[in-house]
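> Take a look at the following structure, please.
2 protein chains.
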Amino acid sequence: MDQETTSTARRRGTGVTEDAIEQIRDLVASGEWGPGTRLPRETDLAKQLGLSRNSLREAVRALSLARVLEVRQGDGTYVSSLEPGELLEPTLSATHLLRGRTVLELFEVRRMLEPGAAAMAALRADAEVIAALRTELDRMIAAGNRADELVQADAAFHDVIARAPGNGVLRALLRSLSTSTVRARLWHGIADRGALDLAREEHARIYNAIAVGDADLARAATLLHIVTNETWLREHLGPADDVPLDGD
Amino acid sequence: MDQETTSTARRRGTGVTEDAIEQIRDLVASGEWGPGTRLPRETDLAKQLGLSRNSLREAVRALSLARVLEVRQGDGTYVSSLEPGELLEPTLSATHLLRGRTVLELFEVRRMLEPGAAAMAALRADAEVIAALRTELDRMIAAGNRADELVQADAAFHDVIARAPGNGVLRALLRSLSTSTVRARLWHGIADRGALDLAREEHARIYNAIAVGDADLARAATLLHIVTNETWLREHLGPADDVPLDGD
DNA sequence: CAGTATTTGTTCGTATGTATA
DNA sequence: GTATACATACGAACAAATACT
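Chains as they are written, first to last, in our numbering: chain H, 1 to 248; chain V, 1001 to 1248.
As C-alpha cells, then:
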C-alpha cells in the first residue's frame, strides 16, 4: 500500500505531520471540533489520520504551542477555548523575538492603538477601572526605584487600559506590543537618568483624564507617554541592534 | 485583580520537550542563535539538550510552525529570518480560528489601525503605491461579480495600504485582522445585495484621497469603508455565532 | 483510601526519502 | 552516478500522570 499524497507542490506543507496539522486545524476552523472538544486518543487519531503516533504527536505538540489544542497528560487532548486571549498568546512570544528597528515598529503600532483604548476607557469612566488604575499608580509610587516592581505596576496599569474597551483582540495585541524585555529596558533607562518622577507624572495624567471621563485628554496623555518612551528607545537602541536595511 | 499568568497552577511547561522549546527559544532570543543560524543536526542537538531525538523533533516541529525555525529536509534546520512578516504569520492562522463576536473585535481593531495607515500612505503619496492601488482598483472593476477575483483584488488593495507606512509589524497585523474567510463572506454579501458599485466607489475614494496626498480624507474614507463592512457583518452574523456574553 | 484502567510522555531501533557535493 | 549527510517516518516498549471504581 503506497500512501501517495495528493501530488501537492513540493512547497511548504508536504509530509504527513504537516498534513495532520492542517487537517486538525480545519476540523477546528469548520466548527466540527468546537472549544473544549475532546480528541480521540493518540493511537486512534493516528490511525484515523493515517500516520504513526510519533508523527501525530509532532502535529499535536505544534498545535499545542499555538494554543489551538491543550494536552493534559493522563487525561486527554482537548480543543482550547479559542478565545482571543488564548489564540493570540503566541503573538506575545513572537514579538519577544523581534529586535532592532522592529522593536520601534512595535511602538509605532502601539501608538496607533493605546491612545484609542485610553479614550474608550475614559468614555466609560468605569469605577472599577478607575480604582484599578489608582492601585497600580500607587504601587508605582511606592515602588521607589525598584525596577522589577516598577515594571510590574507599569504593565498592570497599561493592561487595565487595554482591557477597558472590552475587546479581547485589542487587549491581546496591546500585550504583545509591549514586551517585558523592552519594558524593563525602559524603566532602567528612566531610573538611570533620574526621570522617575516624570514617568509617574505621565501615568498620573492618564489616570486623571480617565477618572474625569475626558476622552480627548486621555488620548493625548497616552500618546505623549508612549512617544516619550519611543523617543528614548530610538536614541538608545544599541548600534548592534541597528541592523542595516538591505533593499527589498 | 490579575487572573491568569504568574501562578503555576496548571503545570504548563514541564517535560523535556517543553524544556527544549524554551531552551531553543532562549538561545534565539538572546541572540546567540541569530537569523539564519544553522542548528546542530538532530542527533547532536538531542544529545546536547539531553533528550531523545523524537522528543526533540516535537520541539523543533512546534517552533517550525511558530516560524522561529525553518527545517529543510536533507539539508538542516535553521533559525528563521525573525522578521515581523515571518514571526507574525502564525497570528494570521490564529485569527482564522476566531468566531462569533470575536470576528467583530478584529474589525474594531482594524478600524483603529488602517485609517492611520492610509493617512500615512497619503502623506508620502508614493508613485509606486498609487500605481499599485490603481492596478488593484482596475482589477476590482474588471472582476465583474466573480467573488474570488474580487476578494483577491480587495486583499491586494488593502495590503498596498498596509505596507505603505514601511512598518512590518503593522503590515502583518493588518493582514491578520482581515482573514480571507471573512473577506469572502463580505464580498458574497456585497454581491447578493447588489452593492458592488458602492463597494468599488468606496475603494475609489480611498484611492483618490491617497493619490492627491490628502491624509485626512484618506483616513476618513478608509474609516467609512471599514465601518460599512463592519456594520453589515454585525447584522449578518449567524445567530449560532452570537455567543451570549457572560460577565467576567 | 486504595488499586486499576486509561492516556499522554519518552525513549530506542530501524528503514526511507531528499538534498548536496 | 555515487556517496554522504540529513531529515522523515514507523513500530514497539516502558514511564508518568490522571481518572475511575
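Positions of the beta carbon are idealized from the N, C-alpha and C atoms, including for glycine.
(1) What residues are listed by DSSP as bridge partners for residue 1070 of chain V?
(2) Taking the DSSP output, what are the residues bridged to residue 38 of chain H?
(3) Is residue 40 of chain H buried or exposed, if buried means 16 or more other CB atoms sit within 10 Å of its CB?
(4) According to the neighbour-count rule (16 or more other Cβ atoms, all chains shown, within 10 Å of its Cβ), is residue 1164 of chain V buried or exposed?
(5) May I ask which residues mark the beginning and end of the alpha helix (DSSP H) holding residue 145 of chain H?
(6) What are the start and end residues of the alpha helix (DSSP H) that includes residue 167 of chain H?
(7) Contact between the region 1216-1228 of chain V and the region 1114-1126 of chain V: three or more CB pairs below 8 Å?
(8) Could you give the uninterrupted runs of the alpha helix (DSSP H) lying entirely in the region 1050-1134 of chain V, keeping only those of 4 residues or more?
(9) Output yes if chain V places a C-beta closer than 8 Å to the C-beta of residue 32 of chain H; else output no.
(10) Going along the chain, which residues of the region 1184-1204 of chain V sit with their C-beta nearer than 8 Å to a C-beta in chain H?
(11) Check whether the region 1096-1107 of chain V touches the region 1201-1216 of chain V, taking contact to mean three or more Cβ pairs, one atom from each stretch, closer than 8 Å.
(12) Report yes or no: is there a C-beta of chain H within less than 8 Å of the C-beta of residue 1169 of chain V?
(13) Do the CB positions of residue 1196 of chain V and residue 1209 of chain V come within less than 8 Å of each other?
(14) Report the CB separation of residue 84 of chain H from residue 172 of chain H in whole angstroms; it is logged as a contact under 8 Å.
(15) Please compile the residues from chain H whose C-beta is within a distance smaller than 9 Å of the C-beta of residue 1074 of chain V.
(16) The alpha helix (DSSP H) that contains residue 212 of chain H, what's its start and end?
(17) On the CB-based measure, 16 or more other CB atoms within 10 Å of its CB, does residue 1067 of chain V come out buried or exposed?
(18) Taking its Cβ as the centre, do 16 or more other Cβ atoms sit within 10 Å of residue 1013 of chain V, making it buried, or is it exposed?
(19) Measure the C-alpha to C-alpha separation of residue 229 of chain H and residue 175 of chain H and round it to an integer number of angstroms.
(20) Just confirm the distance between the C-beta atoms of residue 1150 of chain V and residue 1143 of chain V, as a whole number of angstroms; I'd bet it's less than 8 Å.
(21) Rounded to a whole number of angstroms, what is the C-alpha to C-alpha distance between residue 193 of chain H and residue 179 of chain H?
(22) Measuring alpha carbon to alpha carbon, tell me which of H:235, H:234, H:50, H:81 ends up nearest residue 168 of chain H.
(23) Count the other CB atoms within 10 Å of the CB of residue 1072 of chain V; is the residue buried (16 or more) or exposed (fewer)?
(24) Mind checking if residue 1112 of chain V is an interface residue toward chain H, Cβ cutoff 8 Å exclusive?
(25) Closer than 7 Å between beta carbons: that is the criterion. Which residues of the region 1109-1133 of chain V meet it against chain H?
(26) Which of the three DSSP states is assigned to residue 1012 of chain V in this structure?
(27) Using a Cβ-Cβ cut-off of 8 Å, state whether residue 247 of chain H counts as contacting chain V.
(28) Do residue 1183 of chain V and residue 1154 of chain V have their C-beta atoms within less than 8 Å of each other?
(29) Mind checking if residue 1091 of chain V is an interface residue toward chain H, Cβ cutoff 8 Å exclusive?
(30) Evaluate residue 212 of chain H with the Cβ neighbour count: other Cβ atoms within 10 Å of its Cβ, from every protein chain shown; 16 or more gives buried, anything less gives exposed.
(31) Could you check if residue 219 of chain H belongs to the surroundings of the ligand ATP, using beta carbon to heavy atom distance under 7 Å?
(32) Note down, in chain order, every chain V residue with its Cβ under 8 Å from the Cβ of residue 65 of chain H.
(33) In chain V, which residues lie with their C-beta within 9 Å of the C-beta of residue 215 of chain H?
(34) Counting only Cβ pairs nearer than 9 Å, list the residues of chain H close to residue 1054 of chain V.
(35) Measuring alpha carbon to alpha carbon, tell me which residue in V:1016, V:1035, V:1028 is nearest residue 1053 of chain V.
(36) Between residue 1162 of chain V and chain H, is any beta-carbon pair separated by less than 8 Å?
In short:
(1) Beta bridge pairing from DSSP links residue 1070 of chain V with V:1078.
(2) Under the DSSP definition of a beta bridge, residue 38 of chain H partners with H:78.
(3) Counting Cβ neighbours within 10 Å, residue 40 of chain H comes out exposed, since fewer than 16 surround it.
(4) Around the beta carbon of residue 1164 of chain V, a 10 Å sphere encloses 16 or more other beta carbons of the protein chains shown; the residue is thus reported as buried.
(5) That residue, residue 145 of chain H, is in no alpha helix (DSSP H); it is neither H nor E in DSSP.
(6) First-last for residue 167 of chain H: undefined, no H or E at that position.
(7) yes
(8) 1053-1065, 1084-1087, 1089-1095, 1101-1124
(9) no
(10) Flagged: no residues at all.
(11) no
(12) So yes, residue 1169 of chain V belongs to the interface.
(13) no
(14) 5 Å
(15) At a beta-carbon threshold of 9 Å, none of the residues of chain H lie near residue 1074 of chain V; the nearest stands roughly 12 Å away.
(16) Here residue 212 of chain H belongs to no alpha helix (DSSP H), and DSSP marks it neither H nor E.
(17) buried
(18) exposed
(19) When only Cα atoms are considered, residue 229 of chain H and residue 175 of chain H end up about 16 Å apart.
(20) 5 Å
(21) 22 Å
(22) H:81
(23) Exposed, since its Cβ has fewer than 16 Cβ neighbours within 10 Å.
(24) yes
(25) 1109, 1112, 1113, 1116
(26) coil
(27) Here the model assigns residue 247 of chain H a pLDDT of 39, short of 50, so the residue's position is not dependable, and the following value carries that caveat. Not one chain V Cβ lies under 8 Å of residue 247 of chain H.
(28) yes
(29) yes
(30) Flag for residue 212 of chain H reads exposed.
(31) As presented, the structure is devoid of all ligands, the ligand ATP included, so that no description of it is given.
(32) 1021, 1062, 1063, 1065, 1066
(33) Residues of chain V passing the Cβ test: none, with the nearest at roughly 14 Å.
(34) 54, 57, 58
(35) With distances taken between Cα atoms, residue 1053 of chain V lies closest to V:1016.
(36) no
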